[in-house]
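For the protein sequence lines, the chains are A and B, in the order given.
Residue numbers for the first sequence follow my numbering, so the first one is 326 and each next one is one higher.
Residue numbers for the second sequence follow my numbering, so the first one is 253 and each next one is one higher.
Using N, Cα and C, we set each Cβ at its ideal position, and we do this for glycine too.
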Amino acid sequence: MADIAAPAYRIIPIIPALKPGAMEGVRSFVANEKIQEAIGFPGQLVEDWHDRAIARMGELLGKYRSLKVYMDACVHCGACSDKCHYFIGTQDPKNMPVARQDLMRSVYRRYFTLPGKLFPKLVGARDLTREVLDEWYTYFYQCSECRRCSVFCPYGIDTAEVTMAAREILDSVGYGQKYSNEIIGKVHKIGNNLGLPGPALKDTLEGLEEDVKEDTGFDVRFPLDVKGAEVLLITPSADFFAEPHIDGLIGYAKVFHATGTSWTLSSMASEAGNFGMFIGNYEQLRKVALRIREAALELGVKRIVVGECGHAWRVAYSFWNTLTGVGEGADPNDRFAQMLQKQLDHRYRQPSHVCEFTWDMIQDERLTFDKSANDKYIITFHDSCNVARGSSMGGYPGGQFDIPRNIIKAVANHFVEMSPETTHEKTFCCGGGGGLLTDDLLDLRVKGSLPRMEVLQQVADEQGVNFMACICAICKAQFTKIMPIYGFDRRMVGGVHQLVSNAIKLGNK
Amino acid sequence: MQVLTPDSASWQLAPDTRPLPMSILFAILFYLATLVFVVGLLYRIGVYTRTPAPLKIPTTPAPTTTGGVVLRMAREVLFFESLFKSNLWTWGLGMLFHASLALVLLRHLRYFTEPVWAWVAFIQPFGKYAGITLLLGAAGLWARRLFVERIRYISTPSDHLMLALFFVIAISGLMMTFVAHPDVVAVKGYFLGLMSFNWQALPSSAGLYVHLLMVAALLMIFPISKLLHAPGVFFSPSRNQTDNPREKRHIAAWAKQLESES
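Structure, rendered in structure tokens:
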């Protein structure tokens, strides 16, 4: 992969010309039999894949209103056509959201609509051939499910829903992606995406306690499997040892320490990430999320707090209540959800984002900071796509944008925004989300980060920005990998709680 | 055959007018087209209503209350808020096209009501010229489809045909309004007759035949084409859901089933 270079910045961010077929050769590795079967999918492409794929599609159309409406409603207006970072970076027309959707819509029309059955050519309908199936695999694994297109669509058509359905159909006929499916297998077998077993996790946490003690002189704890703790922290497993993620974990621990909060991690649920969402499989999504329910019930915690991870926060905020009952407002007869909801303390939002937790504590004046500790940084904030467009914070619209920024401003003196066309709900994906954070897609990841790198370069040049904070494990991993290719220092990226960690006062407040 | 309101000053028919073959053909066509339109649309709406939305997926900026959702939907439907964020050209042409179409449609109520409602009479002069802006909007959208590389790439033949259909409808209508006037009083009598199953003669006019034929085609295509964007937007989960997943448990029946199995 040595030949991968960053595309040139656009002088003016004009919409690029089309380069048909530019990315047709970039395909994520296909899952092998063992990976597929471990999570209940056929080991390889089944003989009757055509019929089974169409049947599965019909089933999904009946189960998901989103898919059904989105297949029908598109008028090909082109509002989304220039909004995808992968299109901007690759110029491949099939990376335009509408064209990506049409890969499936053309098949939908052929098999599920009258005009498509009668006049396929007229309405752009086509048979599901092996070539079409391969094309699905290629291009539905070039979508990071970031939902930017959905913001601009006059009908709110969300390509992520289409991508998820396509991946689910592909999995159901034995045509899965190695990266995502292998990770889901690991969660079930070991408890987290990175395959870090319980004893190793324990060692890691003990090591961290020593490091922090050495660094600060304070006994900041990193508790594991403590029954009766108030807070259960669910965080992406990258936080346990990847750089710069681990500095964020230290930040959370310091916040809990400084506020005297009793908390614990869980070896059973040592993963906030949920790749079940990426592959659009409800059963996997649910099964992965149920680990959190089990851990919460077993440990008897009162609150569940989620660490810095974009898609995990979308799953936690938007889906956990549905999938696991973590939340409130269940029907009184809903025994499944009530069992857990009775245990949780509803003076707090369930689940809470760690940024909500920290911001509440800052507002209650239970934390103090030495802001000058971050003076070497001129900081900007990258809104992670799943937090920005698939969730919220603070219980009011837009809280997911304010709260992380409020925290940064509370712990540091220098904060600047990037171009408003690329932040808040219009933020660009880092280029590595949605199950694409794998080296076999590095070319795509580098190209997909172009629009973010362009505006980062702008604030770096004009305002001297030297730190880009974010609250997503995938963003952190993606940026540390691709930023050097664009000529940035990889240490320029880090979590919001890394900044908190730098500035927090642990002793007498 | 009885004339509906023989002493109405606004329109009159000769009492001995008999339906001609063309009148009968168009009568059958319009009954059929209306049936297809209404039944087809109700069926589609039924399917959308019955299909569950198992997960909360509103797109930011998502309102947290039902009132907020109603406002969001109103902004979306009346002002094309999202399209405005996306592309001003598409938004402007789309607004021009749809607002003109709305005016034109409302103006046409005069052919189906007797006496004509006051507000319909009021918009009549605007509605006439809206036919021209309708054509301009459609022409602009078509130009985009033809000359913008990205939009040309995603266009199917049916996308062009749909615009062609609106073109023919608008041009034939404008011809009747501004150039060769058919006997609109008789046209009105014909449609009032259709509505009360008391058939009248349709004036013979090539422009009128083309206009009506294409309108009937549009009605029948509606429930099986991309024109479903009109009802579809109301059912779009990313736009019509309240953002309160933590406060209220949201679960589909088929998903609830999984809980009893485990």
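In the DSSP assignment, T752/A falls outside any beta strand (DSSP E) and carries neither an H nor an E. Around G403/A, the beta-carbon contacts reaching into chain B at under 8 Å are N339, T342, R396, V400, R402, I403 and I406. Sorting P445/A, G542/A, C399/A and R455/A by C-alpha distance to the C-alpha of C474/A places C399/A at the top. Of all alpha-carbon atoms in F694/A, R381/A, E742/A and C710/A, the one lying nearest the alpha-carbon of A485/A is that of C710/A. Within the stretch 808–820 of chain A, no residue has a Cβ lying closer than 7 Å to any Cβ of chain B.
Scanning its chain for C-beta atoms nearer than 8 Å, with the 5 sequence neighbours on each side dropped, one finds around K511/A the residues N517, N518, L519 and G520, in chain order.
Interface annotation, F332/B: in contact with chain A, CB-CB separation under 8 Å. Contact annotation: in the stretch 491–505 of chain B, residues whose CB is within less than 9 Å of a CB in chain A are R491, N492, D495, N496, P497, R498, E499, K500, R501, H502, I503 and A504. Between the alpha carbons of R404/B and P367/B lies a gap of roughly 47 Å.
The straight-line gap separating the alpha-carbon atoms of G605/A and L398/B is approximately 36 Å. For V423/A, the closest Cβ of chain B is nearer than 8 Å. If you draw a straight line from the Cα of T463/A to the Cα of V351/A, it comes to about 7 Å. For the pair of segments examined, the stretch 607–627 of chain A was found not to touch the stretch 572–580 of chain A: the number of CB pairs separated by less than 8 Å stays below three. In the structure shown, the three-state DSSP call for Q369/A is coil.
The beta carbon of G392/B lies closer than 6 Å to those of L345 in the same chain, with the five residues before and after it left out.
Taking C-beta atoms as the reference points, S490/B and I309/B count as a pair closer than 8 Å.
With fewer than 16 other beta carbons inside 10 angstroms of its own, L439/A counts as exposed.
Closest by C-alpha distance to A482/B, out of V436/B, Y300/B, L284/B and L388/B, is Y300/B. Note on geometry: alpha-carbon atoms of T649/A and P676/A lie some 11 Å from one another.
By DSSP's assignment, C795/A forms a beta bridge with G820/A. Interface with chain A (8 Å Cβ-Cβ cutoff): I309/B is included. Per DSSP, the unbroken beta strand (DSSP E) holding F706/A starts and ends at I704 to F706. The beta-carbon of K446/A is placed less than 8 Å from the nearest beta-carbon of chain B. Interface residue (Cβ-Cβ distance to chain B less than 8 Å): L775/A is not classified as such. Chain-ordered, the chain A residues with CB closer than 8 Å to the CB of I476/B read T438, L439 and P440. Taking a C-beta cut-off of 7 Å against chain B, none of the residues of the stretch 679–701 of chain A qualify. It is roughly 59 Å from the alpha-carbon of V545/A to the alpha-carbon of E401/B. With 16 or more neighbouring CB atoms inside 10 Å of its own CB, A621/A falls in the buried class. Judged by their CB atoms, L417/B and S643/A are not nearer to each other than the 8 Å cut-off. Look at the beta carbons and you see the stretch 715–728 of chain A not touching the stretch 427–442 of chain A: under three pairs across the two are nearer than 8 Å.
Taking a contact to require three or more Cβ pairs closer than 8 Å, the stretch 410–428 of chain A and the stretch 335–348 of chain A qualify as touching.
With its beta carbon less than 8 Å from one in chain B, P722/A belongs to the interface. Listed as beta-bridge partners of I309/B by DSSP are no residues whatsoever. Put simply, the CB of S488/B is near chain A, with a gap under 8 Å to one of its CB atoms.
Only exposed fits L284/B, as fewer than 16 other CB atoms lie within 10 angstroms of its CB. The alpha-carbon of S716/A is positioned some 19 Å away from that of G756/A.
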